[in-house]
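Trainee: What follows is a single structure, and I will ask about it in a moment.
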Amino acid sequence: MSLVVQELSLVRNGVPHLGGVSATFPRGQLTAVIGRTLAGKTTLLRVIAGLQAIDGGMLDLDGRPFGRLPAWKRDVAMVYQQFINYPHLSVFENVAFPLRKKRLARTEVERRVREVLSTVGLADFGKRRPSAISGGQQQRVALARALVREANILLLDEPLVNLDYKLREQLRDEFRSLFSTQEHSVVIFNTTDPAEAMMIADQIVVMHEGRIAQIGKPADVFEAPVSVAVAEIINDPPMNILAGRIDGDGLLLGEGLRLPAPPRLATLPRRAYRFGVRAGELAPADEAPLVGAVTFSEVSGSETTLHVAGEKGSVVLQLEGVFVMPPGTRIGVAIPADRLFVFEDDGEGRLISAPAAIGGS
Amino acid sequence: MMPRFYSALKYAAVLIWSAFVLAPFMWALTTSFKTANGVTGGPTYLPWIQYKPSLHGWESLFGGAGGIDIVQPYIDSIIVTVGASIISIVLGTLAAYGLSRFQYRAGFVKNSDIVFFFISQRIMPPIVLAIPFFLMLQFLGLLDTKTGLIIVYIALLLPIAVWIMVDFFDGVPRAVDEMAMLDGCTPFEAFFKVVLPNSLPGILVALMFCLIFGWNDFFFAFTLTFTDTQLLPVAIVALNSSVTPWWSLSASALISVAPLVLIAFFVERLLSRGTLAGAIR
Amino acid sequence: MARIHLEQVGHSYGGGTYALEKADLVFEEGLTYALLGPSGCGKTTMLNIISGLVRPSDGRVLVGGTDMTDVPTVRRNIAQVFQFPVVYRSKTVFENLAFPLRCRGWNTTRLRPRVEEIAELLGMSKRLGQSARNLTADEKQLVSLGRGLVREDVAALLMDEPLTVIDPQMKSDLRRRIKQANARTRHTVVYVTHDQNEAMTFADEVLVMRAGRVVQRGGAQELFENPRDTYVGTFIGSPGMNFMAAERIGGRIGFAGVALLPATAANEVPDAADLRIGIRPEHLAFSNDGEQGIPASVNFVQDQGSFLIVDLTVASQTIKVKVRREVRIPSGPARLSFPAERLRLYADGALLTP
Amino acid sequence: MDQPEFRFYKLSFLLPGLLGLLAVILFPLFFTVRVSLSGWSAVSPGLDFDGLANYRALVSDVRFWQSFERLAGMAVGTVLIQYILGFAMALLVWREIRYRRFFRVLFLVPMMTTPVIMSVIWRTILHESLGPANDFLGLFGLGPYPWLTDGSFAMASVMMVEVWQWTPFMFLLLLAGLISLPREPFLAAAIDGAGPVRTFFNVTFPLMAPVSIGAIIIRLIEASKIMDSVYVLTSGGPGTATETAGYYIYIRGLKDFEIGYAAALSVTYLVVMIVLLTVIAKLLVRTFVGRGT
Amino acid sequence: MKRMLFLTSSACVLTLALASAGRADQVDYTKYGDYANYGSAEDGSSACSYANIDKKDYSGKTLKVISNAVPVIGEPTILHAKQFEDLTGAKVEVVNVPFGDLYQRIMIPFQTGQAAYDVMFYGSLWIGDFHNFLAPVPEEYLQTPGMKDVTQNYKDVATWGDQMVQYPVDGDRNYLKVRADVFNNPEMQKKYKDETGEDLAIPKTWDEYNQIAKFFSGWDWAGDGKKHYGSAEITKRDDLMFSAFIDRVAAYAKNPNVKGGFFFDLKTMTPQVNNPGWVKGLEMFIDAKKAFPPGGENFGLGDAIFSFGGGQSLMEYTWDDPFIQAQEKSSPIRNKVEAAPLPGAYEVWNRDTKKWDKFDTPNAPPYITWGWTSAVAKASKNKEMAFDYLCFFANKPNHALDLQIGRFGINPYRNADFEAKFWEDKLGWTPNVAETYVKTLSGMDKSTNRVFDLRVPGVNQFMSILANGVSQAMAGQKTPQQALDNVAKQWTDVVNKIGKDKVRDAYAKVVALEDQGR
């Protein structure tokens, strides 16, 4: 019981938008597709929806191919980045629109629309026009319209990206309960924000340059990103990647940063690698092999991200809490060697060794 | 000091242009109350003071002596203009929607070529088409009929409708129509249930342009009718002979202009609300 | 460069309710300020009052002690970066940066070093010869900024949500470049945003706004640790601060039957007041076995990657706890420790200073 | 949406309009080409076959080619003036002017009026002894001017009437364009210290480029059909001073009733116009927008 | 003979005038506008009288009529159409078209075989193009008293070969109109004598015309504080200018001693437009520019009417209309004008001898220019009704009314019309005005040296080429000789294109009229 896409490919004007994408999206689960802008996420959704022709590939749902069905027969619901609603219909009628299309009984339509509107917190807004409510509310209407259908496939294309910071956080928190009603649907959710993907997804698909880089459970992808690109995409701030090698004396990172090789890495062939370490696993330390100046400190809500440029390498570290660290402050950075990821030192940068998984849900 | 000077300059420019725009109307207004004597003695402007006003020019338009009856032409003009405009809008809107949303390809012909083909119809001077149209309508038995004129006007107005509506639809996000299709509408249903209700501003603008160009056409109305059907400009130009009754002509000019001046108010509303901006870019 | 003083400035559009309530505000010379709040809180109005695009209905705008209330934008010597990047499309990057100087009658020889210096600062040196039309959004935004920085007479640099249309992966880099450039030029900067991350990253001082009022101003740390009211507490931080209904337990204040704080501050407050204890999710911790703590039960855990957000119920109130990934989350019943120094007490939404 | 499932719908949208237009226009088009190969005239009606005789005659018809040059001058001239004036007026009533909406309506009115009819009114205004134009200028000790009887004046008069009639069209398109412009670039320019002139050339004008091109091209197309005003005001005179290509075709076709020859002129006219306008459109796009967009 | 005619017709008019004073059966025009002011005439008992037309029943039938723009000929067309409807129950649809487009509006349906109009009113000169499409006037209509009274000139104009295919409704000719008050003013006469050494008199030649016109140009000779000018002439290229030009040329190029064609040499079909007589005429035309009022270089007929009729110009020499305008009741120069024959020339080019022939009295051939005519289409399905309408249009009361209303453009063409008394009684003209008018008009009808329009196929093309050439010379783009040489060359081309024989056959009919001499 799932949506299967196989070898989807799409090239337009010489630019590959999709390069052989294959994946399975189980019903009743929420899959987050994460990737940078222009990685092919939106194209993938449009192909599934039937809004975009493909050069080749197969689409099937529960074993039945539907690639030849026109969009209006696919039973796919979609929520866009922009707050797209029918401007000429009231909120109520917007949500009722797909149901009326299905020729459901009037009372049934009423019931379901009211139910969904109250789920998204808009029970009192039924009579308003979309233009008369705030952006966040408009996006809730769009969500409600998608939810009310209980469609086979529910696609969400970065639905939160255009919302104010706090609203985004709030709506994100509600997602789990919102989608609890869609137990039979395939739900696919595009995002560029790893935290968002991790928090709400049952499965994560990482896309990079038109291809699928990794599919897996959120924790698995987080703990063992298969390549440098995935490691960067799934971490925010992106994982620190340092060129280096393993030799007889242990690890050599960046410009002469020496670390002892932990047992896990000591057995690896002695050659060049790329090493990765999460910003959150670096910590300031007085006695540290890497010393540098803070070039820039970002303070997010509750964390501080420090960009440190040292003679031996530049790293980004993330600290809990809020610190004001003026640029130029010199600090030492402790690099936990046992938390290092090791990747191939080539274009693709495949994962060779990941540190032990920790915690998680 | 300087801003005040600039502002004075600005108002001066606006007022001068206003005067230029208004001049023919004011002249026509005063002339419409003249008789031959008010005209032949050199320009006069003020009734009672410079000439003895008379309602002759106005009476002549409504069956009075020395004029033409413009009531029937008025009605005919409205029927033909509105009829042709509406059909053009319907066909033009559909075609424009297609051209805006789909990719057409036939040999080397692409969307932009089709749009150009539509617009290029406006390049043809009416004279080129007069006789062929005449023969065509003759063949169809539609000479001297409103239907015949409507058909011809469609050829004139459709390009305008397509031009405006393509621009308009290009500016409307596709997401709304896509969403309707995902909600189970065929492209037709999506168009009629969702796109159309939201395209009213564009359609109004296109309709307005069609009305203006249709209402003001003279040449086809002139060549393709005999006696049964007469449109307003043709009826009024019948006053422009070697001996022009300036008074009747002025009165009829003012009367023919009146309905479209109402459109000017309407256009301004669209304009000031920014609706036009979306439709013409 | 100068000190900006909004003296009893308030504004209402068309005489209705105040979009910006009357208040006295000072922006010191050379510092960076952020106006932070959701849409409609009045932050843009305030920015427009400073830039002169809006004439306040009340009060005076003093720049360096001079009354500028009625001086038009052009002569205020301010620079502004807008939400949507503005470049002169028909000009090269060099001419874009040179434009404000040309408007001031500088010739090419005089302005060239200055333009090159700013381009260098923004990392745009290689782009100088390019047409501005073909730049990416973030580069355009840098050019917009550059046009402000290139001027030597700028009293204040105003930025109105400049990162809105920038690709997510470019944001961090752009933030860094803007911040560095500002740090070097030391203009007075007023930065408007709804994103706490940007506000706290950029600003020496953040002004949190709500419904036309500045509810708190202070450094990032101050806002984070001592939110003046429950609104700021919720707005700042992700997730926002937890607020639990508090009760008086003997001479102390606590909840779920456990006394946590001395009641000194609360003594002044009437009994009827709505008392709440606030604590940041980051500051809560699970008690180790045997330690004291308030019993709680875990509802669910949200995995954010490096952090986990745990949703718990404590004495029928919902509380969020944010912990590092490596922390082991007990399943089912757990005990939470509330470090006293992190607890803040609020009465009717306002912080009670101990 | 270029999947096969859409084909039916895709064609259903386009074809009614396209086929309708083709049906109405194709017959006249082919018919004109056919007639141009015949010697149809008042004396010998009917479609005989004359080969390319008409086209051969046309090549050496100086009056036709001169009328073309004149048309080009007139069309480009009037459109340019209309553009400049229309832009100026649009800028003036764009914002910060009292009774803005009144002026907007007023400035739109001329395009709503029937050109033939208003040309007759203009003819009476420009009447050299009975019209108010000379009378008014006489107040300043100017004139009387031979508005319609001197070649250059007649040209100027026709152009003036065209400007009166169609500047509103430019005004409308340009004002609509101005109203849709974002505010920020103007604020930015003000903040950068640019005066009105600099702001216009660096902000307004570049931003208005696409609208300008569209408006100019549409107006050029319409202006090339300039006919009604010439017909009423000067009948192409004095001499051939205001005779445009269209008017010349009209004289040959419907006055002299040389249908065959007029058809050959028409076909030539169409080809030349389409080529010219396409080139102009390309040039405009290049100068206004620059390469690459 | 002349005197007899005068007596009988004046008696007739007198009785008419008396009868109309209070007779019950007078025609009532009140319903159709203010026409009743002009007084009506007795209905009479002709076949097309009100009484007889009233007996016909055409209800359910539609008559389609095309006519000139209102008011000239267009207005009477409408008026009589409404009456015809009321009398017969027919529906009459009238379309009015500006003169410039009348030709093509009639021609296109002809050529494409459409029975678009039953009745057409148009310029009589188009007979060469139209005759194939016109229904001959049936015998019974030729026998009506009105038709019988039409002067020979206008019967000739309506006839193609030996068939009358046009129904005469108007008689047009060009003649000279002058301001009698100026010519008769001793002060002006003295002034003129003092300055030129010659007596001031109504010009007999174009030389005199030009000289007087130039003398009276640019100053206030009327004493009303405005500038006045010498000559209003039709000079607008596409507005009948060719007629004015032919008026002027005829004196120099229509030699009574030369037969065989004025426009062409009938034998060779060589255009004559560039012979010295024509060139002289054009030079004089250009010379007269100095006497034009402002804008005079682009006057249409309407402008000429306003200019002379409004008192601005001293002289005018085309159709009746300026004279009628001047004589309107409200006119400032009413009864201050006089009509006279067109000026002539003492020297006339002889194309046979290639010499200028000298004459003792000026050679002043009248130009029987085109006027309004009407016809019924051959393709019409309602020919009887159509002719009834035309006959009714021209019946006695209607004709009497139409003649009185200047703007109708209907001028005398029946013998009975040349009665000074009619104009004095009906319109209050002074005897002098009426006398000169009637004398001038009837005199033209008696001339033996007449010029007719070039009534051949493609006449418009010939005239348009001619007008274009003249216009270029007037505008100074070409010299007169160059311009006319060019016209001649183009005429030859057109002749060859249409077919020499075809043109010759048609032109021969015109020449026959001119040469029969009478």
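Protein chains in written order, with numbering that gives the first Met the number 0: chain A, 0 to 360; chain B, 0 to 280; chain C, 0 to 353; chain D, 0 to 292; chain E, 0 to 517.
Note that beta-carbon positions come from the ideal geometry of N, C-alpha and C, so glycine has one too.
Because the structure is a prediction, the values reported are computed rather than measured.
Assuming residue 451 of chain E and residue 493 of chain E form a contact by the criterion Cβ under 8 angstroms, report the distance between their Cβ atoms to the nearest whole angstrom.
Mentor: 19 angstroms between Cβ atoms; not a contact.
Trainee: The beta strand (DSSP E) with residue 235 of chain C in it runs from where to where?
Mentor: Careful: residue 235 of chain C lies outside any beta strand (DSSP E) and carries neither H nor E.
Trainee: Check each candidate in A:125, A:285 and A:225 and name the one with the smallest Cα separation from residue 350 of chain A.
Mentor: Out of A:125, A:285 and A:225, A:225 has the C-alpha closest to the C-alpha of residue 350 of chain A.
Trainee: Using a Cβ cut-off of 7 angstroms, pull out every chain B residue sitting near residue 139 of chain D, in sequence order please.
Mentor: Simply none; closest approach about 14 angstroms.
Trainee: Which first and last residues belong to the beta strand (DSSP E) in which residue 355 of chain E is found?
Mentor: Where residue 355 of chain E is concerned, the enclosing beta strand (DSSP E) stretches over 354-362.
Trainee: Quick check on this structure: which residue in E:240, E:410 and E:308 has the alpha carbon closest to the alpha carbon of residue 38 of chain B?
Mentor: It is E:308 whose Cα lies nearest to the Cα of residue 38 of chain B.
Trainee: Restricting to Cα atoms, I'd like to know which of A:85, A:158 and A:74 is closest to residue 50 of chain A.
Mentor: Closest by alpha carbon: A:74.
Trainee: Taking the beta strand (DSSP E) that residue 293 of chain C belongs to, which residues open and close that run?
Mentor: Segment 293-302, the beta strand (DSSP E) holding residue 293 of chain C.
Trainee: For residue 180 of chain B, is the classification buried or exposed, using 16 other Cβ atoms within 10 angstroms of its Cβ as the cut-off for buried?
Mentor: Buried, since its Cβ has 16 or more Cβ neighbours within 10 Å.
Trainee: Whose Cβ in chain B lies nearer than 8 angstroms to the Cβ of residue 83 of chain A?
Mentor: The contacting residues are 172, 174, 175 and 178.
Trainee: Please tell me whether residue 335 of chain C and residue 293 of chain C are closer than 9 angstroms, where the distance is taken between their beta carbons.
Mentor: Result yes, Cβ atoms of residue 335 of chain C and residue 293 of chain C sit closer than 9 angstroms.
Trainee: From residue 136 of chain D to residue 123 of chain B, what distance separates their C-alpha atoms?
Mentor: So the two alpha carbons sit approximately 39 angstroms from each other.
Trainee: Report the option in E:94, E:52, E:507 and E:65 whose CA atom is closest to the CA atom of residue 68 of chain B.
Mentor: Among E:94, E:52, E:507 and E:65, the Cα nearest to that of residue 68 of chain B is on E:94.
Trainee: In terms of residue numbering, what span does the alpha helix (DSSP H) encompassing residue 178 of chain B cover?
Mentor: Residues 174-181.
Trainee: Quick check on residue 126 of chain D: buried or exposed, where buried means 16 or more other Cβ atoms within 10 Å of its Cβ?
Mentor: Buried, since its Cβ has 16 or more Cβ neighbours within 10 Å.
Trainee: Please tell me whether residue 111 of chain E has its Cβ less than 9 angstroms away from any Cβ of chain B.
Mentor: Answer yes: the Cβ-Cβ gap between residue 111 of chain E and chain B drops below 9 angstroms somewhere.
Trainee: Using three-state DSSP, classify residue 319 of chain C as helix, strand or coil.
Mentor: Reduced to three states, the DSSP call for residue 319 of chain C is strand.
Trainee: Which one of A:327, A:308, A:3 and A:19 has the shortest CA to CA distance from residue 30 of chain A?
Mentor: Of the listed residues, the one whose Cα sits closest to residue 30 of chain A is A:3.
Trainee: When burial is assigned at 16 or more other CB atoms within 10 Å of the CB, is residue 135 of chain A buried or exposed?
Mentor: The residue is buried, with at least 16 neighbouring Cβ atoms inside 10 Å.
Trainee: So with CB distances below 9 angstroms, who are the chain B contacts of residue 107 of chain E?
Mentor: Within 9 angstroms Cβ-Cβ: 129, 130, 133 and 222.
Trainee: Here's a check: name, in chain order, each residue in its chain whose Cβ is nearer than 8 angstroms to the Cβ of residue 57 of chain C, leaving out the five neighbours to either side.
Mentor: Excluding sequence neighbours, residue 57 of chain C sits near 7, 8, 9, 10 and 21.
Trainee: Which runs of the alpha helix (DSSP H), 4 residues or longer, sit entirely within the stretch 8-75 of chain B?
Mentor: Here the runs fully enclosed are 35-39 and 55-58.
Trainee: For residue 47 of chain C and residue 186 of chain D, I'd like the C-alpha separation in whole angstroms.
Mentor: If I take the Cα positions, the gap works out to 11 angstroms.
Trainee: Could you pull out every unbroken alpha helix (DSSP H) segment of at least 4 residues lying fully inside the stretch 19-79 of chain D, listed in chain order?
Mentor: Listed in chain order, they are 52-58.
Trainee: Using a Cβ cut-off of 8 angstroms, pull out every chain C residue sitting near residue 187 of chain D, in sequence order please.
Mentor: The contacting residues are 79, 81, 85, 143 and 146.
Trainee: Given that a residue counts as buried once 16 or more other Cβ atoms are within 10 Å of its Cβ, and exposed if not, what is residue 85 of chain A?
Mentor: Result: buried.
Trainee: Output yes or no for whether 9 angstroms exceeds the beta carbon distance between residue 316 of chain D and residue 471 of chain E.
Mentor: It is not possible to answer for residue 316 of chain D, since the shown part of chain D is limited to 0 through 292.
Trainee: Inspect the beta-carbon positions of residue 234 of chain A and residue 304 of chain C and report whether they are closer than 9 angstroms.
Mentor: The answer is yes: Cβ separation under 9 angstroms.
Trainee: So if I threshold CB-CB distances at 9 angstroms, which residues from the stretch 37-56 of chain A count as touching chain D?
Mentor: Those residues of the stretch 37-56 of chain A that come within reach of chain D (Cβ to Cβ, closer than 9 angstroms) are 49, 50, 51, 52 and 53.
Trainee: Please list, in chain order, the chain D residues whose beta carbon lies closer than 8 angstroms to that of residue 473 of chain E.
Mentor: Within chain D, the residues near residue 473 of chain E are 237 and 238.
Trainee: Below 8 angstroms on C-beta distance, what does residue 76 of chain A contact in chain B?
Mentor: Residues of chain B passing the Cβ test: 181 and 182.
Trainee: Of the choices B:119, B:145 and B:205, whose alpha-carbon is the least far from that of residue 82 of chain B?
Mentor: Comparing Cα-Cα distances from residue 82 of chain B to each of B:119, B:145 and B:205, the minimum goes to B:145.
Trainee: Smallest Cα separation from residue 15 of chain A: which of A:40, A:340 and A:187?
Mentor: Residue A:40 is the option with its Cα nearest to residue 15 of chain A.
Trainee: Using a Cβ cut-off of 9 angstroms (strictly closer), state whether residue 3 of chain D contacts chain A.
Mentor: So yes, residue 3 of chain D belongs to the interface.
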